[in-house]
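Residue numbers (the working numbering), protein chains in the order written: chain A, 1 to 84; chain B, 1001 to 1344.
All C-beta atoms, glycine included, are put in the ideal place defined by N, C-alpha and C.
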């Protein structure tokens, strides 16, 4: 039972890795035709970089939130709160 | 039938030779290290014991022998690329063992581990395919530049992730054995279900499994040998190279999710690259009862081990068993991914 929450975090991390890798290679990389206009080209490149960064941030936020919830719940259990 | 038997014999050699090298060369090398005073303090024992370190050179020798057998028998450049990546990471690790490199220098130097693979693809076009094959969905489109950049970036990440799983007796040897077996499973499935997929890639994967298995004999609790950075870094680089050349990246990433999470927890809690010897507070501490406790210091790095210990104190042997179980769970997910990807 000690490992159940960590296995859950591991499973979420695994699902995010697969889903985000797929999004990166299937959606972000081939996004749009190669634009001829330099402004469009820069805009498209910036969009792709932004989306890639967004995928990384999403993974980070989800895992950090799950971990923080796990750590605080464990610490709450170990530190008895004063009775009301 | 005869061809199948011959292939099985050649594959057995790629496994048996590195295993034999590690098992035979390790005891005299451990004695040599002890005689020359190269021992590390096992701080998780009460009182601390002295353990010969680093035995990375013997592990590297075993892996090198296995890859040379794979090259001699199958003639592909895949083992050469693996040797190249492993050699760079081994040299970086050994330098760190002997002189201690900075926390930022090491990842930069490990970028070089990807260079042999990128150079050799010019001589053997199918060394790696610049796309990723997804379970059920099949391969993505090929993007050589993006894929190659990601491959080069993967070497320091994976090598360091392996190195960060090297803190307790038997942790790194169990971790490497289970994760490399997962990659082997994926490559074997791919070889069985993909026409024209060379057995050389299976032969190239076997030495890492054999080296980890041999090392486990000496590294399991209570450890008689520590691998040092020279061992952990080269095994991580080999793992990354095998995942790329085998075209089983997703299965490999899933297998090492515990190590990825461990690196993520550590890097995000200490906010950047910090050499572990220079961390102000330790994530765990050894109690008077000989058990390991999670540090309750807010500034302590949130390693995977600390998260496990937040559930209560454990002996070192129990703790490593928990980390092995987490790795096993990831490896089962990896096996499921491999089945969904290659069996059709």
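Excluding its 5 nearest sequence neighbours in each direction, residue 62(A) has C-beta neighbours in its own chain below 7 Å: 12 and 16, listed in chain order. Residue burial annotation: residue 1205(B) is buried, with at least 16 other C-beta atoms found within 10 angstroms of its C-beta.
Following the DSSP letters along the chain, one finds residue 1285(B) inside the beta strand (DSSP E) bounded by residues 1284 to 1286. The C-beta of residue 1114(B) has 16 or more other C-beta atoms within 10 Å across all chains shown, which makes the residue buried. Residues 1130 and 1131 of the same chain have their beta carbon placed closer than 8 Å to that of residue 1143(B), with the five preceding and five following residues left out of the count. For residue 1204(B), the three-state secondary structure derived from DSSP is helix. The C-alpha of residue 1016(B) lies about 19 Å from the C-alpha of residue 1239(B). Taking C-beta separations shorter than 6 Å and ignoring five residues to either side along the sequence, the partners of residue 1259(B) in its chain run 1161 and 1165, following chain order. In the DSSP assignment, residue 1097(B) falls within the alpha helix (DSSP H) that extends over 1078 to 1099. Interface flag for residue 60(A) against chain B is set, since a Cβ pair is found closer than 9 Å. The three-state secondary structure of residue 1050(B), taken from DSSP, is strand.
Beta-bridge partners of residue 1314(B) (DSSP): 1292(B). Close CB contacts of residue 1255(B) within its chain, under the 6 Å cut and outside five residues either way in sequence, are with 1179, 1182, 1330, 1331 and 1334 (chain order). Annotation for residue 1042(B): the continuous beta strand (DSSP E) segment containing it runs 1039 to 1042. Excluding residues up to 5 positions away in sequence, 52 and 55 lie with their Cβ nearer than 7 Å to the Cβ of residue 24(A) in the same chain. Proximity of chain B to residue 70(A) at the Cβ level (cut-off 9 Å) is accounted for by 1307 and 1310, in chain order. If you check each beta-carbon in the stretch 1311 to 1326 of chain B against every beta-carbon of chain A, the ones closer than 8 Å belong to 1311, 1312, 1322, 1325 and 1326. Not one beta carbon of chain A lies nearer than 9 Å to the beta carbon of residue 1165(B). Around the beta carbon of residue 1190(B), a 10 Å sphere encloses 16 or more other beta carbons of the protein chains shown; the residue is thus reported as buried. For residue 1227(B), there is no enclosing alpha helix (DSSP H), as DSSP marks it with neither H nor E.
When secondary structure is reduced to three states using DSSP, residue 5(A) falls in the helix class.
The continuous alpha helix (DSSP H) containing residue 1251(B) extends over residues 1249 to 1255. Residue contact check for residue 25(A) against chain B: a CB pair falls below 9 Å. Think of a sphere of 8 Å around the beta carbon of residue 1264(B): the chain A residues whose beta carbon falls inside it are 60 and 63, in chain order.
Contact annotation: in the stretch 7 to 25 of chain A, residues whose CB is within less than 8 Å of a CB in chain B are 7, 9, 10, 11, 13, 14, 17, 18, 21, 22 and 25.
Annotation for residue 1055(B): 1026, 1029, 1030, 1033, 1215, 1218, 1225, 1226, 1227, 1228 and 1231 place their beta carbon closer than 8 Å to its own, counting only its chain and skipping 5 residues before and after.
Residue environment analysis places residue 10(A) among the buried positions, since at least 16 neighbouring C-beta atoms fall within 10 angstroms of its C-beta. Residue-level contact by beta carbon holds for residue 75(A) and chain B, with a gap shorter than 9 Å. Inter-residue distance for residue 32(A) and residue 43(A) is about 11 Å (C-alpha atoms, whole angstroms).
Within its own chain, the residues whose Cβ lies closer than 6 Å to the Cβ of residue 1112(B), once the five positions on either side in sequence are excluded, are 1088, listed in chain order. Residue 1134(B) sits in a strand when the DSSP states are folded into three classes.
Below the 9 Å Cβ cutoff, chain A contributes 18, 21, 22, 25 and 26 as neighbours of residue 1134(B), in chain order. For residue 1106(B), the uninterrupted alpha helix (DSSP H) run begins and ends at 1105 to 1110, by DSSP.
In the structure shown, the three-state DSSP call for residue 1027(B) is helix.
The way I'd put it, the stretch 1134 to 1143 of chain B doesn't touch the stretch 1086 to 1100 of chain B; fewer than three beta-carbon pairs between them come closer than 8 Å.
Under the three-state reduction of DSSP output, residue 1139(B) falls in the strand class.
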